[in-house]
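Visitor:
Listed below in structure tokens is the structure:
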């Protein structure tokens, strides 16, 4: 006869008492004594499994629950408990199956629906997970955990408004739930409701000032709104709570970079790198900052490191090319732009600066091909049209250049450099009256443009309107009195107008600025002849003869159009 205090049921009750006190090892010993007496009681195996699950001995727990199911396969709680153990073992597919069997046997078990939903979400079956959470909140409408999980699943399914509704339900049930306010804010960001998101984050940190995720995400939101100083304050709060948060250091650096506080930026990137040497983006952005600080060799080294980590990022190749371009290392710049275009064939900026590099090297044909590609891809790029025109000008394709300048002005009618360039090509084509219209257009918008006044004067000179030409040269010299060539050209016009004393003064000013100005020396000699001062004239002719041939024979290259 079995004594009642030595029965399996008694040992099971004793085990449950220990489990309630948190003494799981002693509880398991009691369950083992019960099993030794009677191994066919499903409840004993079940409670042993629960104790082992709570003690995080999930594999042993699953084995116990398997035994319980073999004894009583119609008991829903056994299937549910084994599903929980499998979920804790990260065996999500099997966990979903076991919990699915539990709810078939007992559809009212909310916890089984909940664990099944979690498991399905882990394996990517989000719509099925949402259906499980719907069952939970139908059974228990006040279940905060289920509303939170449902919100996360809806967000993963990009049903953002519905997700916000879930978090609102949580907040209605538990207004001091910081996690709900935080999650609500993250979804509002995805809906581009930034101010509402900030209000949610404010509620979260008011409830829990140590909620590091909220401080970090609030900082990212403020940075997206270009409120960089406030963003830095949030990142500081996050880092005070999590000093080894690489993302917070990195994004703090990005905010400082946008404020052009470059030395502090480098410190942040270095801290992020120490925490996580594999963090993407650090070397690239560090290279950009070092370029801004004109530490070019260090910047190139960082670009190289960035490309070793990610050689298929077209923007890194492009930015490295821009650095070579700034250093006037045009051949190396072209190699970088070529790499960028191999990775991303429609990278318009790389194609444009490839053209600029060829232009700087004097390879006009190659530059034209690049600019053609740019304006085909971006027909509203006024800068590209202008520089396309400049390159055609170099190739003496003046009519085509004129078309390019006109396209640029359709896009950007206030661009003074394009008006100048159009006027120049019109002058080459002997359309001086039309060129004057362009100069007038430019000077109405920018009367301080000395080049425009000078070039207008040249066009008027060619048209024989010498008095007006002198007026234009005078305007140009008021703006920029150190231009020797303008003084000389003004002198030429004054000679034709027989205002020789004034012309003489202009030539003197030109020679004072450039003693080897052959045109001014010749002009002064000519005026002295007119003034019947031949002895003085001879001295200036002799000075011209003593100049190296390239100085007195060279002519001004008026084809070098200004570039935007």
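Residue numbers (the working numbering): 1 to 564. Beta carbons are placed, not taken as given, at the ideal position from N, Cα and C, and that holds for glycine. The model shown is predicted, which means the values in this text are computed figures rather than measured ones.
1. Could you give the first and the last residue of the continuous alpha helix (DSSP H) run that contains residue 357?
2. Checking 8 Å against the spacing of the C-beta atoms, do residue 68 and residue 85 come in under that value?
3. Is residue 129 near residue 142, with beta carbons less than 8 Å apart?
4. Taking all protein chains shown into account, do 16 or more other C-beta atoms lie within 10 angstroms of the C-beta of residue 101, making it buried, or fewer, making it exposed?
5. Where are the alpha helix (DSSP H) runs, 4 residues long or more, that stay fully inside the segment 449–522, in chain order?
6. For the 8 Å Cβ check, are there 3 or more pairs between the segment 238–247 and the segment 206–216?
7. Using a Cβ-Cβ cut-off of 6 Å (strictly less than) and excluding sequence neighbours within five positions of residue 367, which residues of its own chain qualify?
8. State yes or no: is the C-beta of residue 83 within less than 8 Å of the C-beta of residue 64?
9. Name the two residues that bound the continuous alpha helix (DSSP H) containing residue 126.
10. Got a sec: is the Cβ-Cβ distance from residue 246 to anything in chain B below 8 Å?
11. Do you know offhand how far residue 115's Cα is from residue 132's?
12. So, residue 401 versus residue 427, is the Cβ gap smaller than 8 Å?
13. For residue 54 and residue 272, I'd like the C-alpha separation in whole angstroms.
14. Assuming residue 568 and residue 415 form a contact by the criterion Cβ under 8 Å, report the distance between their Cβ atoms to the nearest whole angstrom.
15. Leaving aside the five residues before and after residue 429 along the sequence, list all residues of the same chain whose C-beta is less than 6 Å from its C-beta, in chain order.
16. List the endpoints of the continuous alpha helix (DSSP H) containing residue 35.
17. Please work out which residues of its chain come closer than 6 Å, Cβ to Cβ, to residue 395, disregarding the five sequence neighbours upstream and downstream, and give them in chain order.
18. Compare the Cα-Cα distances from residue 298 to each of 324, 313, 418 and report the closest residue.
19. Nearest to residue 248 by CA position, among 528, 231, 263, 200, is which residue?
20. How close, in whole Å, do the beta carbons of residue 473 and residue 493 come, if the pair is a contact with beta carbons under 8 Å?
21. Could you pull the start and end residues of the alpha helix (DSSP H) that residue 380 belongs to?
22. Would you mind giving the Cβ-Cβ distance between residue 60 and residue 52, rounded to the nearest angstrom? I have them listed as a contact below 8 Å.
23. Do you know offhand how far residue 203's Cα is from residue 344's?
24. Please name the residue in 148, 163, 195, 186 whose C-alpha comes closest to that of residue 177.
25. Between the C-alpha atoms of residue 223 and residue 48, what's the straight-line distance to the nearest angstrom?
26. Could you give the first and the last residue of the continuous alpha helix (DSSP H) run that contains residue 204?
27. Out of 29, 207, 261, 266, which has the shortest C-alpha to C-alpha gap to residue 174?
28. Give the C-beta separation of residue 432 and residue 463 to the nearest angstrom, bearing in mind that I take them to be a contact with Cβ-Cβ under 8 Å.
29. Using alpha carbons as the reference points, say which of 303, 181, 161 lies closest to residue 197.
30. Quick one: what's got a C-beta closer than 6 Å to residue 328's C-beta in the same chain, skipping five residues either side?
31. Check whether the Cβ atoms of residue 314 and residue 287 sit closer than 8 Å, and answer yes or no.
32. Nearest CA to the CA of residue 57: which residue from 436, 24, 134?
33. What's the gap between the Cα of residue 165 and the Cα of residue 384?
Guide: To lay it out plainly:
1. The sequence position of residue 357 within the chain shown is 357, counting from 1. Start and end: 348–360.
2. In the chain shown, the residue the question calls residue 68 occupies position 68. In the chain shown, the residue the question calls residue 85 occupies position 85. No, the pair does not count as a contact, with Cβ atoms beyond the cut-off.
3. If you number the chain shown from 1, residue 129 lands on position 129. If you number the chain shown from 1, residue 142 lands on position 142. Not a contact, by the Cβ cut-off of 8 Å.
4. The sequence position of residue 101 within the chain shown is 101, counting from 1. It is buried - the Cβ of residue 101 has at least 16 other Cβ atoms within 10 Å.
5. 450–462, 466–479, 484–496, 500–513
6. yes
7. Here the question's residue 367 lines up with position 367 in the chain shown. Result list for residue 367: 355, 358, 359, 391, in chain order.
8. Translated into positions along the chain shown, residue 83 becomes position 83. Translated into positions along the chain shown, residue 64 becomes position 64. Contact: no.
9. Here residue 126 corresponds to residue number 126 of the chain shown, with the count starting at 1. Note, residue 126: alpha helix (DSSP H), 126–139.
10. The structure shown contains no chain B; it is built from a single protein chain.
11. Working through the chain shown from its first residue, we reach residue 115 at position 115. Working through the chain shown from its first residue, we reach residue 132 at position 132. About 9 Å.
12. The sequence position of residue 401 within the chain shown is 401, counting from 1. The sequence position of residue 427 within the chain shown is 427, counting from 1. No.
13. Position 54 of the chain shown, counting from 1, holds the residue named residue 54. Position 272 of the chain shown, counting from 1, holds the residue named residue 272. If I take the Cα positions, the gap works out to 37 Å.
14. Outside the displayed span of the chain (1 to 564) sits residue 568, for which this structure offers no information.
15. Translated into the one-based positions of the chain shown, residue 429 becomes position 429. Hits under 6 Å: 398.
16. For the purposes of this step, residue 35 is taken as the residue at position 35 of the chain shown. It spans 24–37 - the alpha helix (DSSP H) in which residue 35 sits, taken as one unbroken run.
17. Locating residue 395 in the chain shown gives position 395, counting from the first residue. Closer than 6 Å at the Cβ level, and outside the excluded window around residue 395, lie 364.
18. Locating residue 298 in the chain shown gives position 298, counting from the first residue. Looking at the Cα atoms, 324 is the closest of the given residues.
19. As a first step, residue 248 must be located in the chain shown, where it is residue number 248. Residue 231 is the option with its Cα nearest to residue 248.
20. As a working mapping, residue 473 is identified with position 473 in the chain shown. As a working mapping, residue 493 is identified with position 493 in the chain shown. Right, the Cβ-Cβ distance comes to about 7 Å (below 8 Å), so this counts as a contact.
21. Taking the chain shown and counting its residues from 1, the one referred to as residue 380 is at position 380. Segment: none, residue 380 is in no alpha helix (DSSP H) and carries neither H nor E.
22. Locating residue 60 in the chain shown gives position 60, counting from the first residue. Locating residue 52 in the chain shown gives position 52, counting from the first residue. Sure, about 5 Å apart at Cβ, within 8 Å.
23. Reading the chain shown from its first residue, position 203 is the one you call residue 203. Reading the chain shown from its first residue, position 344 is the one you call residue 344. Whole-angstrom Cα-Cα distance: 44 Å.
24. The residue labelled residue 177 in the question sits at position 177 within the chain shown. The shortest Cα separation from residue 177 among 148, 163, 195, 186 belongs to 148.
25. Here residue 223 corresponds to residue number 223 of the chain shown, with the count starting at 1. Here residue 48 corresponds to residue number 48 of the chain shown, with the count starting at 1. So the two alpha carbons sit approximately 52 Å from each other.
26. On the chain shown, residue 204 is found 204 positions in, with the first residue counted as 1. 194–207 is the extent of the alpha helix (DSSP H) around residue 204.
27. If you number the chain shown from 1, residue 174 lands on position 174. Measuring from the Cα of residue 174, the nearest candidate turns out to be 207.
28. Within the chain shown, residue 432 is the residue found at index 432, counting from 1. Within the chain shown, residue 463 is the residue found at index 463, counting from 1. With 8 Å as the limit, residue 432 and residue 463 qualify as a contact, their Cβ atoms being about 5 Å apart.
29. Taking the first residue of the chain shown as 1, we reach residue 197 at position 197. For residue 197, the nearest C-alpha among the options comes from 181.
30. Here residue 328 corresponds to residue number 328 of the chain shown, with the count starting at 1. The answer is none, since no qualifying residue turns up.
31. Numbered from 1 along the chain shown, position 314 holds the residue referred to as residue 314. Numbered from 1 along the chain shown, position 287 holds the residue referred to as residue 287. Taking 8 Å as the Cβ cut-off, residue 314 and residue 287 do not qualify as a contacting pair.
32. Your numbering for residue 57 matches position 57 in the chain shown. Taking only the C-alpha atoms, the option nearest residue 57 is 24.
33. For the purposes of this step, residue 165 is taken as the residue at position 165 of the chain shown. For the purposes of this step, residue 384 is taken as the residue at position 384 of the chain shown. Their backbone Cα atoms lie some 49 Å apart in a straight line.
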